[in-house]
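First the structure, in the form of structure tokens, and then the observations on it.
Number of protein chains: 2
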Amino acid sequence: MSKVNMLAHRMATKAIQLVDASGNPVVGKEVEMKQTNHEFLFGCGIFDVIDVANKKVPADRLAFQEEKLDKFLDLFNAATLPFYWGMFEQEEGKPRTKELQTAAKWLKDRNISVKGHPLCWHTLTAPWLLDMTNEEILRAQFDRIKRDVTDFKGLIDTWDVINEVVIMPIFDKYDNGITRISQDLGRVGIIKEMFAKTRLYNPEATLLLNDFNTSINYEILIDGCLNAGISIDAIGIQSHQHQGYWGLEKLEEVLDRFSSFGLPIHFTENTLTSGHLMPAEIEDLNDYQIPEWPSTEEFEERQAKEVEEMYTVLFEHPLVEAVTTWSFSDDGAWLGAPAGFLRKDNSEKPSYQVLKKLIKEDWSTNHQGKTDEQGVVTLEGFLGDYELICEGEKVSFKLEGSGERVQLVL
Amino acid sequence: MSKVNMLAHRMATKAIQLVDASGNPVVGKEVEMKQTNHEFLFGCGIFDVIDVANKKVPADRLAFQEEKLDKFLDLFNAATLPFYWGMFEQEEGKPRTKELQTAAKWLKDRNISVKGHPLCWHTLTAPWLLDMTNEEILRAQFDRIKRDVTDFKGLIDTWDVINEVVIMPIFDKYDNGITRISQDLGRVGIIKEMFAKTRLYNPEATLLLNDFNTSINYEILIDGCLNAGISIDAIGIQSHQHQGYWGLEKLEEVLDRFSSFGLPIHFTENTLTSGHLMPAEIEDLNDYQIPEWPSTEEFEERQAKEVEEMYTVLFEHPLVEAVTTWSFSDDGAWLGAPAGFLRKDNSEKPSYQVLKKLIKEDWSTNHQGKTDEQGVVTLEGFLGDYELICEGEKVSFKLEGSGERVQLVL
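Chains A and B, in that order, give the protein sequences.
No gaps in the numbering here: position 117 of the first sequence is 117 in my numbering, and each next residue is one more.
In my numbering, each residue's number is its place in the second sequence (first place is 1) plus 1000.
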């Protein structure tokens, strides 16, 4: 009972009226209503799609990669694709547009919502920016946004517009074009410019600010952006927990602080590993590179418990609209960490099964009923897409939080 | 030579033409030009003025307090007076307006520029705000600004509008009315409101944002405020160094970071003690209360060196326009620290003498010259007020960075 109440914001109760082609109520018939998708975005980074969709996977690896993607599709309804400038356009003027379009379309065809990550970031940015003046860098960045946001409109309508701005102007590990222009524009200034440009070329898109910094720094930055009139559609929060699970207390504290803006929150990059913890003294996660970081049975149990707890807290929170796990499989995972839901051989870890149970069973609706004299059957279910089956006929509909009754023509 | 260059922004070279009452040049006369005040604000907290100006000092202490103020007047040209709401208006509706006006006038009559500190702060705020709704607290805060800024216009035209906003909404040592409304408005929101109201009632005033937090938090907050269109006249930086002198490196690093906004910088609350250092593990300086915190000869020498170095760096920095030392004397100093330029018996510490030499000798101009055939004598000097003496006559003028030659009528 208390669990249902905690999820009330994820559900709706609605009268579904069935009529025939002539508009007459379909009376006294058995119906089955089965949820086929969630409104909530259960996402994952899935860069492997690019080679598969573009048929670039070596023959001896194809079955393996296809199996991996099947398991991805069994669980998730959202994907993040990489748009790191330095990789997307390694050579100036030769963007990997076609390849990424093919990947995005592959996902879209399979009912997966796609996010592009990121349009502006100081890491993995184009090295050739370093040969430009700051004015030229800014123009190149604007052109990049115009080109990519336009080229992917309809395929990708959610963007991490700008990434890690808290550290951007003081990032000093190596010189790069984006840090240079962020110093000129200031933090709020560069966010303002990048959001304005992205909005211009895809006004309906969902635009995120994204950061790994969950301290007061990020709060103050968001506060400044909102007061400066920047329209942020969702606050992106990274949660790479290679150094240990935040735990309930920190998770709730972070949610509490970032909820104060009243904006949707996306957990954009979640990592919970099934291996030993990265030492706490490592400041930049990228500095921890080891030859072998094994997934162990003991830690797989821990990961499953943490995944269950964390996803439950996030799904229960009214402002969270998306959770994206960063690495789907240990095969190719960031930093070589055992951060996936699959092991390197594609076998499912307990975390995969736990999450599948949550998404596909506990938080999914499968309802059987009988239409009344008005042809109405009442559905209380989780928000999302449904398939209604009656007398061998199949109709699709969407269960939304708002709106009147739904009328379906069989 | 290099020293002169470092101070070029504090100086001007100008032709001063002397004419007689009929407008004829005063030719070939010896003139003496003596600086009487600085454009730069050398300030100090000097709350003792209130009782002296209001004749409330016990008879047996009056000579002592007068001696203290004489030494203050010998050194400084700016003062900070306290407007802590909980002390200024301990009982609702009974503000200490008259007393503070008398004190501000006492200072103004002695050519001391006065700043009011602060109009909005969560510490030392009026306890009776706690009985109000948040809407009422905000209205009371607005009314307070309207009343005090209006009542002191002309006497006090510089205000620390709002103090320590970085910590304000998360301040949790005790409940208070200002933290409550800062949570409603957000950081940039409360700054925006308080600046707007202060500006409304004294459009020409110099308005400061002030904070002890010199981290990236404060940078991001200022960036947000500026992007939100808040017109901050000067960035206030507190530098209470009870736990040890920042040193050149940190001082220059802080100046560097806060210079990026191109705004004037005021060091609003400077403390360098002549005693042992407060332990580093103390987080809130207010938590360190000891019965006796002696000033020692050894540490007085250290303080003098630190004062000399710090004031020199600040005076050389083109964006710094004011330095205010928080405690003029150990007698009554904040936290009982030996933080003054005077010892408890009014005797001058080496720091007093060092600073006096800087302000009154090294950075002060006293020029003798002879008018030429046009009655002109050239003055290269530090910006500020001057007295010109020629043939027993005395004329006052201001040496400013901009503008044409100065014509004076003897």
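Each residue gets a CB set at the ideal place from its N, CA and C atoms; glycine is no exception.
State the Cα-Cα distance for the pair Ser2 (chain A) and Ile359 (chain A), rounded to the nearest angstrom. By 1-based counting over the first sequence, the position of residue 2 (chain A) is 2. By 1-based counting over the first sequence, the position of residue 359 (chain A) is 359. In this predicted model, Ser2 (chain A) has a pLDDT of only 47, less than 50, meaning its place in the structure is not dependable; the value taken from the coordinates is given anyway. Straight across, the Cα-Cα distance linking Ser2 (chain A) with Ile359 (chain A) is about 19 Å.
Sort out for me which residues DSSP pairs Met168 (chain A) with in a bridge. For the purposes of this step, residue 168 (chain A) is taken as residue 168 along the first sequence, with counting starting at 1. The partner list for Met168 (chain A) (beta bridge, DSSP) is empty, contrary to what the question assumes.
Is there a Cβ from chain B that is less than 8 Å from the Cβ of Asp256 (chain A)? Counting from 1 along the first sequence, the entry for residue 256 (chain A) is found at position 256. The beta-carbon of Asp256 (chain A) is placed no less than 8 Å from the nearest beta-carbon of chain B.
When you compare only the Cα positions, how much space is there between Thr214 (chain A) and Leu1285 (chain B)? Counted from its first residue, the first sequence places residue 214 (chain A) at position 214. Counted from its first residue, the second sequence places residue 1285 (chain B) at position 285. About 26 Å.
Just to confirm, is the Cβ distance from Val1406 (chain B) to Ile1162 (chain B) under 8 Å? Along the second sequence, one-based indexing puts residue 1406 (chain B) at 406. Along the second sequence, one-based indexing puts residue 1162 (chain B) at 162. The Cβ atoms of Val1406 (chain B) and Ile1162 (chain B) do not sit closer than 8 Å to each other.
When you compare the CB positions of Leu1255 (chain B) and Asp1233 (chain B), do they come within less than 8 Å of one another, or not? Along the second sequence, read from residue 1 onward, the residue named residue 1255 (chain B) stands at position 255. Along the second sequence, read from residue 1 onward, the residue named residue 1233 (chain B) stands at position 233. Going by C-beta atoms, Leu1255 (chain B) is not nearer than 8 Å to Asp1233 (chain B).
Keeping to the same chain, check which residues put their C-beta closer than 7 Å to that of Ile230 (chain A); ignore five residues upstream and five downstream. Taking the first sequence and counting its residues from 1, one reaches residue 230 (chain A) at position 230. Exclusion of the five residues before and after Ile230 (chain A) leaves Ile191, Lys192, Phe195 as the residues of its chain whose Cβ lies within less than 7 Å of its Cβ.
According to DSSP, what are the bridge partners of Ile112 (chain A)? Within the first sequence, numbered from 1, the residue matching residue 112 (chain A) stands at position 112. Secondary-structure assignment with DSSP links Ile112 (chain A) through no beta bridge to anything.
Could you say which of A:Ala337, A:Arg139, A:Lys94, A:Asp74 lies nearest to Asp287 (chain A) if we only look at CA atoms? The residue given as residue 287 (chain A) occupies position 287 in the first sequence. Selected option, being the one with the closest Cα: A:Ala337.
Below-8 Å beta-carbon distance, Lys1055 (chain B) vs any chain A residue: Within the second sequence, numbered from 1, the residue matching residue 1055 (chain B) stands at position 55. Chain A contact via Cβ: absent.
Strand pairing of Asn1270 (chain B), partner residues [DSSP]: Residue numbering aside, residue 1270 (chain B) sits at position 270 when the second sequence is read from its first letter. Bridge partners of Asn1270 (chain B) according to DSSP: B:Ser1239, B:Thr1325.
According to a CB-to-CB cut-off of less than 7 Å, which residues of the region 1182 to 1214 of chain B neighbour chain A? Within the region 1182 to 1214 of chain B, the qualifying residues are Gly1186, Arg1187, Val1188, Gly1189, Lys1192.
Taking all protein chains shown into account, do 16 or more other C-beta atoms lie within 10 angstroms of the C-beta of Asn77 (chain A), making it buried, or fewer, making it exposed? Position 77 of the first sequence, counting from 1, holds the residue named residue 77 (chain A). So Asn77 (chain A) ends up on the buried side.
What does a CB cutoff of less than 6 Å around Ile952 (chain B) pick up in its chain, not counting 5 residues either side in sequence? Beyond the ends of chain B as shown, which are 1001 and 1410, falls residue 952 (chain B); an answer cannot be given.
Beta-carbon proximity list for Tyr1084 (chain B), same chain, < 6 Å, skipping 5 on both sides: Position 84 of the second sequence, counting from 1, holds the residue named residue 1084 (chain B). Short of 6 Å from the beta carbon of Tyr1084 (chain B), and not among the five residues preceding or following it, lie these beta carbons of its own chain, in chain order: Leu1124.
Using a Cβ-Cβ cut-off of less than 8 Å, give me the residues of the region 312 to 332 of chain A that come near chain B, in sequence order. Nothing from the region 312 to 332 of chain A brings a Cβ to less than 8 Å from some Cβ of chain B.
Nearest by alpha-carbon distance to Ile265 (chain A): which of A:Trp246, A:Ser274, A:Gln238 is it? As a working mapping, residue 265 (chain A) is identified with position 265 in the first sequence. Nearest to Ile265 (chain A) by alpha-carbon distance, out of A:Trp246, A:Ser274, A:Gln238, is A:Gln238.
Quick check on Gln1141 (chain B): buried or exposed, where buried means 16 or more other Cβ atoms within 10 Å of its Cβ? Position 141 of the second sequence, counting from 1, holds the residue named residue 1141 (chain B). By the Cβ-count criterion, Gln1141 (chain B) is buried, with 16 or more other Cβ atoms from all chains shown falling within 10 Å of its own Cβ.
Do Ile399 (chain A) and Lys55 (chain A) have their C-beta atoms within less than 8 Å of each other? Within the first sequence, numbered from 1, the residue matching residue 399 (chain A) stands at position 399. Within the first sequence, numbered from 1, the residue matching residue 55 (chain A) stands at position 55. Looking at the sequence itself, residue 399 (chain A) is Leu, so the reference to Ile does not match. For the 8 Å CB-CB criterion, Leu399 (chain A) and Lys55 (chain A) do not form a contact.
Does chain A have any CB closer than 8 Å to the CB of Ile1220 (chain B)? Taking the second sequence and counting its residues from 1, the one referred to as residue 1220 (chain B) is at position 220. Interface residue, yes.
Closer than 7 Å by C-beta to Arg257 (chain A): which residues in its own chain qualify, once you throw out the five before and the five after it? Chain order, please. Looking up residue 257 (chain A) in the first sequence gives position 257. Listed in chain order, the non-local C-beta contacts of Arg257 (chain A) below 7 Å within the same chain comprise Glu219, local neighbours out to five positions each way being set aside.
Does Gly1224 (chain B) come within less than 8 Å of chain A when only Cβ atoms are used? Here residue 1224 (chain B) is taken as the residue at index 224 of the second sequence, counted from 1. Interface annotation, Gly1224 (chain B): in contact with chain A, CB-CB separation under 8 Å.
Where does Leu314 (chain A) fall in DSSP's three states? On the first sequence, position 314 is the one that residue 314 (chain A) refers to. Helix at Leu314 (chain A).
Near-chain B residues of the region 159 to 183 of chain A - C-beta to any C-beta below 8 Å: Cβ contacts with chain B: Val166, Ile170, Gln183.
Just grab the DSSP bridge partners of Leu1018 (chain B) for me. By 1-based counting over the second sequence, the position of residue 1018 (chain B) is 18. Paired residue(s): B:Leu1408.
So which residues on chain B does Ile216 (chain A) lean against when the C-beta distance must stay under 8 Å? Translated into positions along the first sequence, residue 216 (chain A) becomes position 216. Near Ile216 (chain A) (Cβ distances below 8 Å), the residues of chain B are Val1166, Ile1170, Asn1217.
Does the region 29 to 41 of chain A touch the region 363 to 375 of chain A, meaning 3 or more C-beta pairs lie closer than 8 Å? Taking a contact to require three or more Cβ pairs closer than 8 Å, the region 363 to 375 of chain A and the region 29 to 41 of chain A qualify as touching.
So Leu411 (chain A) and Leu383 (chain A) are in contact, right, with Cβ under 8 Å, and what is the actual spacing, rounded? The shown model of chain A, from 1 to 410, leaves out residue 411 (chain A), and the question about it has no answer.
If contact means a Cβ-Cβ distance below 9 Å, which residues of the region 117 to 140 of chain A contact chain B? Hits within the stretch: zero.
Could you check which residue in A:Lys357, A:Thr378, A:Asp172 has the C-alpha nearest to that of His367 (chain A)? As a position in the first sequence, residue 367 (chain A) is number 367, starting the count at 1. His367 (chain A) has its Cα closest to that of A:Thr378, out of A:Lys357, A:Thr378, A:Asp172.
Expressed to the nearest angstrom, what Euclidean distance is found between the alpha-carbon atoms of Glu39 (chain A) and Arg1096 (chain B)? The residue labelled residue 39 (chain A) in the question sits at position 39 within the first sequence. The residue labelled residue 1096 (chain B) in the question sits at position 96 within the second sequence. Separation of Glu39 (chain A) and Arg1096 (chain B) (C-alpha to C-alpha, rounded to the nearest whole angstrom) is 60 Å.
Own chain residues within Cβ distance below 6 Å of Ala1008 (chain B), not counting five before or after: Taking the second sequence and counting its residues from 1, the one referred to as residue 1008 (chain B) is at position 8. When the five nearest sequence neighbours on each side are left out, no beta carbon in the same chain lies closer than 6 Å to the beta carbon of Ala1008 (chain B).
Proximity below 8 Å, CB of Asn1134 (chain B) to CB of Ile1181 (chain B): Reading the second sequence from its first residue, position 134 is the one you call residue 1134 (chain B). Reading the second sequence from its first residue, position 181 is the one you call residue 1181 (chain B). Closer than 8 Å, so yes.
Identify, in the order they occur along the chain, each residue of the same chain with its Cβ nearer than 6 Å to the Cβ of Pro203 (chain A), setting aside the five sequence neighbours on each side. As a position in the first sequence, residue 203 (chain A) is number 203, starting the count at 1. Within the same chain, Pro203 (chain A) has no close Cβ partners at all.
What in chain B is Cβ-close to Asn227 (chain A), meaning under 7 Å? For the purposes of this step, residue 227 (chain A) is taken as the residue at position 227 of the first sequence. Chain B residues near Asn227 (chain A): Val1188, Gly1189, Lys1192, Gly1224, Ala1228.
If we ignore side chains and look at the alpha-carbon of each, how far apart do Val165 (chain A) and Cys1225 (chain B) end up? Mapped onto the first sequence, residue 165 (chain A) falls at position 165. Mapped onto the second sequence, residue 1225 (chain B) falls at position 225. Cα-Cα distance, rounded: 17 Å.
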